[in-house]
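A.B. asks:
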Ligand code: FE2
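Residue numbers (this note's numbering): -7 to 282.
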């Protein structure tokens, strides 16, 4: 069967912004891009320089409902705690896949280790039928995250999905997503199958690479790439190699009502969430950790 390689629909550089209680970060896509990346809502890149005052204020107590947040640390750590008494540390190489569902209230505080801190937070939407599901934490330690080598010169850290028979630790996510951290050595080509009709996107975190099959224009650190439709992506690294996050998932195709950390289908549901937060009735169910 013929392979239909996806073209690049859009490339946008991440922009500098301030979130939480004053954390300087880069946003690859977000609110203004809905529904382009459906089922993904946002990607924040909080790789920081050497000034802890750029991030130590962190993300103090705040609610979430209707979404999943996926935190992937490269260096440093995030100390988190929630209203249900869960507490933990996301260290370098670890992943926290948090399904807020009906609601959690938590805080996330980045801290340096050996002077450095950096990572990513991806937001995934939940469909109407799952927005009020019970909250769930999946805490995955670095040693539980496998690395696949689908071909020489290609290394894939598999957070979610399956590459060359290597299965990532995160399972049972509604949008059937893939989340991969891919490194191509210099001048290496990589073809990866992606389900037709699934949204597919890449975020470059190092080096340079060509994501548009044959176009000749490269993307570099902090470029966000949205692929068009097809059944595979084809990437070629420059002479310096390239590293990128890749994610794909099934679009939800429902109305999005987004207010800060809460994402529902209608403005009424949003108003209800904030009313419950004020009234102290926001938390519906104690979450599970696994
Ligand atoms: Fe949060």
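For every residue, glycine included, the Cβ atom is placed at its ideal position computed from N, Cα and C.
Keep in mind the model is a prediction, meaning the values are calculated, not measured.
CB-CB under 8 Å to residue 232, same chain, minus the five flanking residues each way: which ones, in chain order?
C.D. replies: Along the chain shown, read from residue 1 onward, the residue named residue 232 stands at position 240. 178, 199, 200, listed in sequence order.
A.B. asks: From residue 173 to residue 11, what distance separates their C-alpha atoms?
C.D. replies: Start at 1 with the first residue of the chain shown, and residue 173 comes out as number 181. Start at 1 with the first residue of the chain shown, and residue 11 comes out as number 19. Taking the straight line from one Cα to the other gives about 24 Å.
A.B. asks: Does at least one heavy atom of ligand 1 sit under 7 Å from the Cβ of residue 127?
C.D. replies: Mapped onto the chain shown, residue 127 falls at position 135. No, the Cβ of residue 127 stays beyond 7 Å of every heavy atom of ligand 1.
A.B. asks: Which of the three DSSP states, helix, strand or coil, is assigned to residue 163?
C.D. replies: Mapped onto the chain shown, residue 163 falls at position 171. DSSP places residue 163 in coil when its eight states are reduced to three.
A.B. asks: Spatial neighbours of residue 242 within its chain, please: C-beta separation below 7 Å, excluding the five flanking residues on both sides.
C.D. replies: For this step, residue 242 is matched to residue 250 along the chain shown. Closer than 7 Å at the Cβ level, and outside the excluded window around residue 242, lie 31, 167, 168, 190.
A.B. asks: If you reduce the DSSP assignment to three classes, tell me which class residue 176 lands in.
C.D. replies: In the chain shown, counting from the first residue as 1, residue 176 sits at position 184. In this structure, residue 176 counts as strand in the three-state DSSP scheme.
A.B. asks: Should residue 32 be counted as a contact of ligand 1 given a C-beta to heavy atom distance under 7 Å?
C.D. replies: Locating residue 32 in the chain shown gives position 40, where the first residue counts as 1. For ligand 1, not one heavy atom lies less than 7 Å from the Cβ of residue 32.
A.B. asks: Let me check understanding here. Comparing Cα to Cα, which of 209, 227, 237, 205 lies closest to residue 216?
C.D. replies: By one-based count along the chain shown, residue 216 stands at place 224. Residue 237 is the option with its Cα nearest to residue 216.
A.B. asks: With ligand 1 as the reference, list in chain order each residue whose Cβ lies under 7 Å from any of its heavy atoms.
C.D. replies: Those residues are 51, 54, 56, 61, 98, 100, 253, given in chain order.
A.B. asks: Check residue 43 in the structure and name its three-state DSSP category.
C.D. replies: One-based indexing of the chain shown puts residue 43 at position 51. Coil at residue 43, not helix or strand.
A.B. asks: Pop quiz: residue 211 and residue 3 are said to be a contact at Cβ under 8 Å. What is the actual Cβ separation, rounded to whole angstroms?
C.D. replies: Start at 1 with the first residue of the chain shown, and residue 211 comes out as number 219. Start at 1 with the first residue of the chain shown, and residue 3 comes out as number 11. With 8 Å as the limit, residue 211 and residue 3 qualify as a contact, their Cβ atoms being about 6 Å apart.
A.B. asks: Measuring alpha carbon to alpha carbon, tell me which residue in 244, 136, 138, 123 is nearest residue 27.
C.D. replies: Taking the first residue of the chain shown as 1, we reach residue 27 at position 35. The candidate whose alpha carbon is nearest that of residue 27 is 244.
A.B. asks: I want to know whether the stretch 260 to 267 touches the stretch 135 to 145 - three or more CB-CB distances under 8 Å.
C.D. replies: Counting Cβ pairs under 8 Å, fewer than three are found: no touch.
A.B. asks: Touch check for the stretch 92 to 110 and the stretch 122 to 135: three-plus C-beta pairs under 8 Å?
C.D. replies: The stretch 92 to 110 vs the stretch 122 to 135: in contact.
A.B. asks: How far does the alpha helix (DSSP H) with residue 260 in it reach, from first residue to last?
C.D. replies: As a working note, residue 260 is residue 268 in the chain shown. Start and end: 259 to 271.
A.B. asks: With C-beta atoms as the reference, is residue 15 less than 8 Å away from residue 50?
C.D. replies: Translated into positions along the chain shown, residue 15 becomes position 23. Translated into positions along the chain shown, residue 50 becomes position 58. Closer than 8 Å, so yes.
A.B. asks: Expressed to the nearest angstrom, what Euclidean distance is found between the alpha-carbon atoms of residue 271 and residue 132?
C.D. replies: Position 279 of the chain shown, counting from 1, holds the residue named residue 271. Position 140 of the chain shown, counting from 1, holds the residue named residue 132. If you take the alpha carbons of residue 271 and residue 132, they lie about 34 Å apart.
A.B. asks: To which residues does DSSP link residue 216 through a beta bridge?
C.D. replies: Taking the first residue of the chain shown as 1, we reach residue 216 at position 224. Its beta-bridge partners are 4, 195.
A.B. asks: For residue 171, which residues of its own chain have a beta-carbon under 6 Å away from its beta-carbon, when the five flanking residues on both sides are left out?
C.D. replies: Here residue 171 is taken as the residue at index 179 of the chain shown, counted from 1. Excluding sequence neighbours, residue 171 sits near 151, 152, 239.
A.B. asks: Could you pull out every unbroken beta strand (DSSP E) segment of at least 3 residues lying fully inside the stretch 27 to 90, listed in chain order?
C.D. replies: The stretch 27 to 90 contains these whole beta strand (DSSP E) runs: 32 to 37, 51 to 56, 59 to 67, 69 to 74, 79 to 83.
A.B. asks: Could you check if residue 117 is buried or exposed, using at least 16 other CB atoms within 10 Å of its CB as the buried criterion?
C.D. replies: Along the chain shown, one-based indexing puts residue 117 at 125. It counts as buried.
A.B. asks: Could you check which residue in 260, 70, 187, 20 has the C-alpha nearest to that of residue 223?
C.D. replies: Reading the chain shown from its first residue, position 231 is the one you call residue 223. Minimum Cα distance to residue 223 is reached at 187.
A.B. asks: Which residue from 74, 159, 158 puts its Cα closest to that of residue 54?
C.D. replies: For the purposes of this step, residue 54 is taken as residue 62 along the chain shown, with counting starting at 1. Here the closest residue by C-alpha is 74.
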